[in-house]
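Protein chains: 2
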Amino acid sequence: MSEYTAHDASGPSVGIVTKQSYTFAEKPAEALVLESGTRLGPVTVAYETYGELSPTRDNVVLIHHALSGDCHAAGYYSKADTKPGWWETMVGPGKGIDTDHYFVVSTSILGSCGGTTGPCSTNPATGKPYGLDFPVVTVGDMVEVQKKLLDHLRIERLLAVVGGSLGGMQALEWSLRFPDRVGGVIALATTMRHSALAIAFNEIARQAIMADPNWNNGHYYDGEKPATGLAVARMIGHVTYLSDVALRRKFGRRLQGKEDFSFQFDDIDFQVESYLRHQGSKFVERFDANSFLYVTKAADYFDLERRAEADSAVKVFAGAKASFLVVSFTSDWLYPTYQSRELVRALKKNNRDVSFCEIKADAGHDAFLIPNQRLSRLIANFLERVRREQSK
Amino acid sequence: MSEYTAHDASGPSVGIVTKQSYTFAEKPAEALVLESGTRLGPVTVAYETYGELSPTRDNVVLIHHALSGDCHAAGYYSKADTKPGWWETMVGPGKGIDTDHYFVVSTSILGSCGGTTGPCSTNPATGKPYGLDFPVVTVGDMVEVQKKLLDHLRIERLLAVVGGSLGGMQALEWSLRFPDRVGGVIALATTMRHSALAIAFNEIARQAIMADPNWNNGHYYDGEKPATGLAVARMIGHVTYLSDVALRRKFGRRLQGKEDFSFQFDDIDFQVESYLRHQGSKFVERFDANSFLYVTKAADYFDLERRAEADSAVKVFAGAKASFLVVSFTSDWLYPTYQSRELVRALKKNNRDVSFCEIKADAGHDAFLIPNQRLSRLIANFLERVRREQSK
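Those protein sequences? They're chains A and B, same order as listed. In this text, residue positions in the first sequence follow the numbering used here: the first is 71, and each later residue adds one. In this text, residue positions in the second sequence follow the numbering used here: the first is 71, and each later residue adds one.
Here it is as structure tokens:
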């Protein structure tokens, strides 16, 4: 166990961690062939690891982040660092994903801006950032990149893959693309086909970015960033991750530092407005607008039924061999429970081993990111069970 | 009954109608004093009427439109006009609001762009459009303007006031501001206090408008309009009026005129994307961006509990004398049924006569605008009952 004392109250931490990277496809002949048919290379994948790899290399858990995350899932980058990784409450010694037992690998996804190749990376053909010349990527492409990294790390088999939202889509994709390499799949607050409602919100967010003149068709890396467009996009996304009841509890109709309405537009009336604006401007500092376009597009394209070339969900998981844990949250209206139930039905029709749990939570879609003892226990027990069965 | 044949299949129409207007507060001394304390004048109110005023002037139904509507609730402007008023399916001979029996008055609300004074009207102080110099108005101010029109028309008492969404807020406001002048209140898909979620979406939409450089702090009337910002704002609003199930049924994941994904950003992949873009660009042609700011702000400020200066809902309707019909729709997540129930509870605590119905409907918040026999019957029966009780 780490001697490092975490800054938050979520218990012991994996401590100081280092972001690493691996680059492949440096020669044109080795380029990664994407689902679109486009060839991409070189490809750098940023990653972090927590815990110790067992001598038999059989204790690996791969974590997938969601839309706005990156490979920094746990720990701190320095003693002075006050902000831990995005899943600090789940990943660490004695936690749901227990780094005393498991070797955790966490990567930044293809197309994003967390160190893995994406639209802000240098296009070797021009020596400048790709911008919109970066090819549109899919969840399948993200998973291929992760698989290349695991090959490099000489990890043949994953004890489990785990993720929420877009991360859950990657976990599901793993079970079909590399069925012999995955023991367990943990899919949280996710879906097997992105809904029209989810596509609608993503499309509006993309339109908000593209409406910003600074976006300049994706060429803004040497000038002003499309900050206002990206802020609006983030606000749209952010409100869909919350819930009516969470917003009521957190803000209600409380005014922001005033007793009465301002009767003005250059002032802020409600706390919820102030909160959203803050979320928007904070996001702009850390996220790339083009990446937002690419990552939301990948989510919109995600549709396991379509890939199965079947007109029903029956055959979707015919090739899968893993055990599954599917978890939804009562107040998640972006990926509602009925979508998890559809996933569970499709798995059962293919005789997959699947556990399903709907957790009562007010926090909306974001519930999977919030400390929840029940979720931690579910994940810990599932990992333990997969490990037991694997060692039989 | 009108001899005019309606263009749609919703039955007979009120036929050709004419938009009228009335201007008051032309002298500074007669200015309308708004809730903010600001004085406004002159004020023009645009309106239409359908049906015949009874000799005893006791058959008047006042209709309130929602955010993006105007006074043109029913009928056509000419024989060549193919687009009827926004509530054509509800208002007309033999319909839910039966113009064979009732004299219907429908006004454009203060602050909007449907002919009633708003930010695009000429500011008498400058001879130019008000822009952001227009004062922030409230639902109460809207209702005051309607009352001035009714005084002008010598209509002392309303058989009923009726509206959905922001229109429902106006109806509720009438019952408290002028309790002796309203017999019945029909409040559809509405709330007595705008929720944090609803404020959040409105705020994001406003931010989208203000992020458009053409918005230019509200001064755009002699130049390029903030069309992209307003389109994004409309798309945000529009998707909140629909529902997950309605979007699934209407669009699902169907592609727009293609067999496979485009893998591009300058193309449209999904039908739902095409639909939203169409909604956005259509709206820009008919609506003023500044009005969008003012009207959403009025909705956000709406809070009957706050006005009651009470910390519970008990006293809110203490002054009301009308009978109430409250209707919610199962798939409306912007003004969910629990908010209608809160309203009903507050009314009952004050011993008001109230009927409540939750209608099963997939269409989301927009359900109140969509032909629904049950809704039409509920409204017709309620009006009939109020009329009977009034004539006792």
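Think of the CB as a built atom: it goes at the ideal place given N, C-alpha and C, for glycine as much as any other residue. Small disclaimer: the values here were computed from a predicted structure and weren't measured.
- For residue 222 of chain B, the enclosing alpha helix (DSSP H) begins and ends at 209-222.
- By alpha-carbon distance to residue 257 of chain B, the top candidate from B/232, B/430, B/245 is B/232.
- Spanning the alpha carbons of residue 443 of chain A and residue 162 of chain A requires a straight line of approximately 14 Å.
- Just so you know, the alpha carbons of residue 315 of chain A and residue 405 of chain B end up roughly 12 Å apart.
- For the C-beta of residue 403 of chain A, the chain B residues within less than 9 Å are, from N- to C-terminus, 314, 403.
- Here the stretch 350-365 of chain A does not lie against the stretch 308-325 of chain B, with fewer than 3 beta-carbon pairs under 8 Å apart.
- In this structure the stretch 327-339 of chain B does not lie against the stretch 163-177 of chain B, because fewer than three pairs of beta carbons, one per stretch, are closer than 8 Å.
- In the DSSP annotation of this structure, residue 144 of chain A is not part of any beta strand (DSSP E), being labelled neither H nor E.
- Secondary structure at residue 456 of chain B: helix, using DSSP grouped into helix, strand and coil.
- The beta strand (DSSP E) runs of length 3 or more contained entirely in the stretch 303-333 of chain A do not exist; there are none.
- By the neighbour-count definition (other C-beta atoms within 10 Å, threshold 16), residue 296 of chain A is a buried residue.
- For residue 340 of chain A, the residues of chain B that pass the 8 Å Cβ criterion are 266, 269, 273, 370, in the order they occur in the chain.
- A distance below 8 Å separates the beta carbons of residue 180 of chain B and residue 207 of chain B.
- Among the residues facing chain A, residue 438 of chain B is not included, as its CB has no counterpart in that chain under 8 Å away.
- Residue 98 of chain B carries a helical assignment under DSSP once its states are collapsed to helix, strand and coil.
- Between residue 287 of chain A and residue 370 of chain A, the C-beta gap is not smaller than 8 Å, which leaves the two residues out of contact.
- DSSP, read as helix, strand or coil, puts residue 346 of chain B in helix.
- Under the DSSP assignment, residue 137 of chain A falls outside any beta strand (DSSP E); it carries neither an H nor an E label.
- With 16 or more neighbouring CB atoms inside 10 Å of its own CB, residue 410 of chain A falls in the buried class.
- For residue 335 of chain A, the residues of chain B that pass the 7 Å Cβ criterion are 202, 363, in the order they occur in the chain.
- DSSP places residue 175 of chain B within a strand segment (E or B) once states are collapsed to three.
- Contact between the stretch 228-244 of chain B and the stretch 197-206 of chain B is absent: fewer than three C-beta pairs spanning the two stretches fall below 8 Å.
- Beta-bridge pairing by DSSP links residue 399 of chain B to B/429.
- Along the stretch 343-362 of chain B, going in chain order, the ones with a CB nearer than 7 Å to a CB of chain A are 343, 346.
- Taking all protein chains in view, the Cβ of residue 86 of chain A is surrounded by fewer than 16 other Cβ atoms within 10 Å, so the residue is classified as exposed.
- Contacts between residue 235 of chain A and chain B, judged by CB atoms closer than 8 Å, are missing: the closest CB pair is about 16 Å apart.
- Shortest Cα-Cα distance from residue 307 of chain A to any of A/113, A/136, A/121 involves A/136.
- Residues of the same chain with a CB within less than 6 Å of the CB of residue 187 of chain A, apart from the 5 flanking positions on each side, are 113, 114 in chain order.
- By the C-beta density criterion, residue 367 of chain B is buried, having at least 16 other C-beta atoms within 10 angstroms.
- A distance below 6 Å between beta-carbons, with the five flanking residues on each side excluded, links residue 387 of chain B to the following residues of its chain, in chain order: 416, 417, 420, 422.
- Remark: three or more beta-carbon pairs, one from each stretch, lie closer than 8 Å, so the stretch 243-259 of chain B and the stretch 432-449 of chain B are flagged as touching.
- Under the DSSP definition of a beta bridge, residue 228 of chain A partners with A/252.
- Contact of residue 298 of chain A with chain B by beta-carbon distance below 7 Å involves 281.
- In the three-state DSSP reduction, residue 130 of chain B falls in the strand class (E or B).
- In the structure shown, residue 423 of chain A falls within a coil segment according to DSSP collapsed to helix, strand and coil.
- The continuous beta strand (DSSP E) containing residue 116 of chain B extends over residues 113-120.
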